[in-house]
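Chemist:
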Amino acid sequence: MLRKTIIILTLVTLFAFSAAMVSAQTIELEFWHAMSGGRTAAVERIVDGFNEEHPDIHVTAQFTGSYAETLTQGISAVRSGNPPHIIQVYEVGTQTMLDSEAIVPVYEIAEGEIDFGSVIQPILNYYSVDGNLYSMPFNSSTAMLYYNKDAFAEAGIMEAPDTWTDVEEMGLKIIESGAANHGLSFGWPAWILEQMHAYHNVPYANNINGREGRASEVYLDKRFAKMVLESWTDLVEKDVIAYGGREYSANQDFLAGEVAMLIQSTSSLSSIIESADFEVGTTFLPRFEGYGIGNSVIGGASLWVMQGHSDEEYKAVVEFFKYLSRTDVTIQWHKDTGYFPSTNAAVKTLMDNRWFSDHPNYLTAFLQILSGVQSPAANGVLLGNFVEIRDIVDTAVEEAFTGVSSAEDALNKADVQADSVLQDYTELFGN
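Going by mature numbering (1 follows the signal peptide of the UniProt record, and there is no 0), the letters in the sequence shown line up with residues -24 to -1, 1 to 407, in that order.
1. Helix, strand or coil for phenylalanine 405, going by three-state DSSP, please let me know.
2. Note the first and the last residue of the continuous beta strand (DSSP E) segment covering isoleucine 85.
3. Under 8 angstroms Cβ to Cβ from methionine 134, same chain only, skipping five residues before and after it: list those, please.
4. Could you please give the first and the last residue of the uninterrupted alpha helix (DSSP H) stretch that includes threonine 36?
5. State the DSSP-derived secondary structure class of glycine 50, mapped to helix, strand or coil.
6. Nearest CA to the CA of serine 351: which residue from Lys214, Leu343, Val273 and Asp215?
7. When we look at the beta-carbon of arginine 199 and count the other beta-carbons within 10 Å, is it buried (16 or more) or exposed?
8. Please report the straight-line C-alpha distance between threonine -12 and methionine 11, rounded to a whole angstrom.
9. Methionine 327 to valine 204, Cα distance in whole Å?
10. Which ranges would you report for the alpha helix (DSSP H) in the region 369 to 407 if only whole runs of at least 4 residues count?
11. Do three or more CB pairs link the region 263 to 277 to the region 48 to 62 at distances below 8 angstroms?
12. Starting from glutamate 213 and walking both ways along the alpha helix (DSSP H), at which residues does that stretch end?
13. In terms of residue numbering, what span does the beta strand (DSSP E) encompassing glutamine 64 cover?
14. Are at least three pairs of beta-carbons, each pair with one atom in the region 216 to 223 and one in the region 162 to 177, less than 8 angstroms apart?
15. Based on the DSSP secondary-structure assignment, which residues constitute the bridge partners of glutamate 288?
16. Assign leucine -23 to buried or exposed, taking buried as 16 or more other Cβ atoms, counted over all protein chains shown, within 10 Å of its Cβ.
17. Expressed to the nearest angstrom, what Euclidean distance is found between the alpha-carbon atoms of glutamine 283 and glutamate 375?
18. Is there contact between the region 24 to 44 and the region 293 to 313, where contact requires at least three CB pairs shorter than 8 angstroms?
19. Rounded to whole angstroms, what's the CA-CA distance from residue 430 to tyrosine 110? Just pull it up for me.
20. Based on the DSSP output, what are the partners of asparagine 115 in its beta bridges?
21. Just the Cα atoms here: how many angstroms apart are serine 244 and alanine 18?
22. For the beta strand (DSSP E) that contains glutamate 89, what are its first and last residues?
23. On the CB-based measure, 16 or more other CB atoms within 10 Å of its CB, does aspartate 400 come out buried or exposed?
24. Give every residue of the same chain whose Cβ lies closer than 6 angstroms to the Cβ of phenylalanine 362, excluding the five residues on either side of it in the sequence, and list them in chain order.
25. Considering only C-alpha positions, which residue in the set Tyr180, Leu343 and Thr36 is nearest to leucine 394?
26. How about threonine 340 and threonine 258: are their beta carbons less than 8 angstroms apart?
27. Hey, would you say residue 408 sits closer than 8 angstroms to glutamine 71, going by beta carbons?
28. So, is leucine 343 buried or exposed, given that buried needs 16 or more other C-beta atoms within 10 angstroms?
29. Hey, how far is the Cα of lysine 311 from the Cα of valine 178?
30. Is the Cβ-Cβ distance between leucine 121 and leucine 261 less than 8 angstroms?
31. Just tell me which of Thr209, Asp334, Ser382 and Lys125 has its CA closest to the CA of aspartate 253.
32. Pull up the CB-CB distance for valine 212 and isoleucine 85, whole angstroms please, since I reckon it's below 8 angstroms.
33. Alpha carbons only, please: which of Glu384, Ser318 and Ser286 is nearest the one belonging to serine 278?
34. Starting from the Cα of tyrosine 338, find the closest Cα among Arg366, Trp309, Ala383 and Ala353 and give me that residue.
35. At what residues does the beta strand (DSSP E) containing phenylalanine 332 begin and finish?
36. CA-CA distance, phenylalanine 332 and serine 286?
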C-alpha cells in the first residue's frame, strides 16, 4: 500500500512538473481592446480560435474601456514600463501613436510574413506612412446613409438620395406626409464633417492633410467647411435634420421612426438591421453638387504593437496577426460585427458564396470606398491630439445647430482653438 502511494505521488509530481514546463514555454500576449457589447464576444471568438490552434502562444484579450480610455491607458502603461503587447487604437489616435516612440511598426516585424498587398487599398492607405504600414488593420468602417424604406414608401419616394439637395427635398416630403417628424440625423458630427472633406477631395489640414509633414493648421475657416455646416444648419432650421448627439444616440431616433434617414458608421449595420421593425435600405453618402470626387474615409481602429518585449514575443504577435488576416477569420469578423472584410481574398470568397448578393446592405459602403479616388485628401487626415480637435468641432456643430452661433462664427472659433492644439502638439513633439 505504501509503495502504491509513493508511485501515485511520484506520478502526480511528474505531471505537475511537466505542466509547469509547458506553461513556462507558452508565450503570453496581452491584447487591450475597446470592443464592448456583442463585439467583445466577437473578439473573444477570434482569440479563443487562435489559442486553440497555437498551444505555445496564449493571447489574453482585455476590454479596457472606450477608444479614448484604451488609448490613454496604453500610453500610461508604456510610461510605467508595463505595456501590453497589442493595443487597439481608433483612427484619430494614429498621429499620437506615430509620435509616441512607444511602438514597433508592423512592417518592421511582419515584412514577408504577411501579404500587406492583399489589404483593401483605402484601408492600407490610411494606416500607411511613406508607403509603410505602421499598424495592423482590424476593425475598419466608414460612414454611409441608412434609410427607412417603409417611411420612404409612405411618402411616395421610390429612390434613395444621391445629393444633399435630394436629402432636403425628400426630407421635406417625408415630414409633410407624416411618415417621420424629421428627414435625417447623424452621429459623430465632427467625423461626418471630415467625411465630407474626403468625399469631395478637399484637404482638411495643411501639409497634404498631415501626410507630408505634421499638420500645423486645419481648414475649418475655409469656404468648403463653412458651406457644409451652413447647409446643415439650414436643414436644421427646416426640421429636415434633427441633431443626433456626438456618437450613437441618433441610431435610436432612426429605429424609433423619428427620422427616416441616418448617416452613421457601417459598424452599426448589424445592430440596426437586427433591431429595426421596418425594411432598412443603405446607400452612398450624399454629395454636394459642383465639388470634386474623393472617397469616404476609413474609421474604426487598428492594432498597434508596443515596445518593451522580446523577439520571441514579437514573433508570436506576428503569428496572431497572420491568423487575423486569414480569409476565414476575416470573414467571421465581418459577419459578426459588420466591419469591413479587410482583405481582397475575403471579399472574393464572400462574393463567390453570394454573401453580398443575399445581404446587399453589407456591400453598400464597401462599394463606396472602392468607387472613390485615392489621394491624400481622400485618404483621411492625420492630426496630433485629434481627440481634442474632434471635441472642438463637435462643439462648433452643436453651437451652429442650436443657434448659439452662426455656422461661420462657430467654425472660425473652432479653427483658432484647433490650430492652438496643433501648435501645442508640435512644440511637444517637434516639427
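Virtual Cβ for every residue (Gly too), placed ideally from N, Cα, C.
Modeler: Taking the structure as given:
1. Indexing the sequence shown from 1 puts residue 405 at position 429. Three-state result, phenylalanine 405: helix.
2. Translated into positions along the sequence shown, residue 85 becomes position 109. No beta strand (DSSP E) holds isoleucine 85; the alpha helix (DSSP H) holding it covers 82 to 86.
3. The residue given as residue 134 occupies position 158 in the sequence shown. Phe128, listed in sequence order.
4. For the purposes of this step, residue 36 is taken as the residue at position 60 of the sequence shown. No alpha helix (DSSP H) holds threonine 36; the beta strand (DSSP E) holding it covers 33 to 39.
5. Working through the sequence shown from its first residue, we reach residue 50 at position 74. If DSSP states are grouped into helix, strand and coil, glycine 50 belongs with the helices.
6. Within the sequence shown, the letter at position 375 stands for residue 351. Residue Val273 is the option with its Cα nearest to serine 351.
7. Stepping through the sequence shown from its first residue, residue 199 is reached at position 223. If you draw a 10 Å sphere on the C-beta of arginine 199, you find fewer than 16 other C-beta atoms in it, and that means exposed.
8. The count along the sequence shown starts at 1 and reaches residue -12 at position 13. The count along the sequence shown starts at 1 and reaches residue 11 at position 35. Low confidence applies to threonine -12: its pLDDT is 47, below 50, so where it sits in the model is not reliable, and the reading given next is rough at best. Approximately 41 angstroms, taken between the alpha carbons.
9. Counted from its first residue, the sequence shown places residue 327 at position 351. Counted from its first residue, the sequence shown places residue 204 at position 228. The alpha-carbon separation between methionine 327 and valine 204 amounts to approximately 36 angstroms.
10. The region 369 to 407 contains these whole alpha helix (DSSP H) runs: 383 to 405.
11. As far as the Cβ criterion goes, the region 263 to 277 does not touch the region 48 to 62, which means the pair count is below three.
12. Position 237 of the sequence shown holds residue 213. Annotation for glutamate 213: the continuous alpha helix (DSSP H) segment containing it runs 199 to 213.
13. Position 88 of the sequence shown holds residue 64. Looking at the DSSP string, the run of the beta strand (DSSP E) that includes glutamine 64 is 62 to 66.
14. In the pairwise beta carbon analysis, the region 216 to 223 is classified as touching the region 162 to 177: at least three pairs are separated by under 8 angstroms.
15. Counting from one through the sequence shown, the residue named residue 288 turns up at place 312. Beta-bridge partners of glutamate 288 (DSSP): none assigned.
16. In the sequence shown, the residue the question calls residue -23 occupies position 2. For leucine -23, the predicted model reports a pLDDT of 44, less than 50, meaning its position is unreliable; a value from the coordinates is still stated below. Answer is exposed; the Cβ neighbour count stays below 16.
17. Here residue 283 is taken as the residue at index 307 of the sequence shown, counted from 1. Here residue 375 is taken as the residue at index 399 of the sequence shown, counted from 1. Glutamine 283 and glutamate 375 have their alpha carbons spaced roughly 42 angstroms apart.
18. Using a C-beta cut-off of 8 angstroms, the region 24 to 44 makes contact with the region 293 to 313, since at least three inter-stretch Cβ pairs fall below that distance.
19. Not covered by the structure: residue 430. The range shown for the chain is -24 to 407.
20. Within the sequence shown, residue 115 is the residue found at index 139, counting from 1. Per DSSP, Ala277.
21. Start at 1 with the first residue of the sequence shown, and residue 244 comes out as number 268. Start at 1 with the first residue of the sequence shown, and residue 18 comes out as number 42. Rounded to the nearest angstrom, the gap between the Cα atoms of serine 244 and alanine 18 is 15 angstroms.
22. In the sequence shown, residue 89 corresponds to position 113, counting from 1. Segment: none, glutamate 89 is in no beta strand (DSSP E) and carries neither H nor E.
23. Residue mapping note: residue 400 aligns to position 424 of the sequence shown, counting from 1. Flag for aspartate 400 reads exposed.
24. Counting from one through the sequence shown, the residue named residue 362 turns up at place 386. So the qualifying residues of the chain are Val68.
25. The sequence position of residue 394 within the sequence shown is 418, counting from 1. Leucine is not the amino acid found at residue 394; the sequence shown has alanine there. Ranking Tyr180, Leu343 and Thr36 by Cα distance to alanine 394 puts Tyr180 first.
26. Taking the sequence shown and counting its residues from 1, the one referred to as residue 340 is at position 364. Taking the sequence shown and counting its residues from 1, the one referred to as residue 258 is at position 282. In contact: threonine 340 and threonine 258 (Cβ atoms closer than 8 angstroms).
27. Residue 408 is absent from the model: the chain starts at -24 and stops at 407.
28. The residue you call residue 343 lines up with position 367 of the sequence shown. The residue is exposed, with fewer than 16 neighbouring Cβ atoms inside 10 Å.
29. Taking the sequence shown and counting its residues from 1, one reaches residue 311 at position 335. Taking the sequence shown and counting its residues from 1, one reaches residue 178 at position 202. Distance from the CA of lysine 311 to the CA of valine 178, rounded to the nearest whole angstrom, comes to 33 angstroms.
30. Counting from one through the sequence shown, the residue named residue 121 turns up at place 145. Counting from one through the sequence shown, the residue named residue 261 turns up at place 285. Yes, they are a contact pair.
31. Translated into the one-based positions of the sequence shown, residue 253 becomes position 277. Comparing Cα-Cα distances from aspartate 253 to each of Thr209, Asp334, Ser382 and Lys125, the minimum goes to Lys125.
32. If you number the sequence shown from 1, residue 212 lands on position 236. If you number the sequence shown from 1, residue 85 lands on position 109. In fact, because the Cβ distance is near 49 angstroms, the residues do not count as touching under 8 angstroms.
33. One-based indexing of the sequence shown puts residue 278 at position 302. Among Glu384, Ser318 and Ser286, the Cα nearest to that of serine 278 is on Ser318.
34. Here residue 338 refers to the residue found at position 362 when the sequence shown is read from its first residue. With distances taken between Cα atoms, tyrosine 338 lies closest to Trp309.
35. To locate residue 332, count along the sequence shown from 1; it is residue 356. Counting along the chain, phenylalanine 332 falls outside any beta strand (DSSP E), though it belongs to the alpha helix (DSSP H) covering 331 to 334.
36. Residue 332 sits at position 356 when you count from the first residue of the sequence shown. Residue 286 sits at position 310 when you count from the first residue of the sequence shown. Those two C-alpha atoms are separated by around 42 angstroms.
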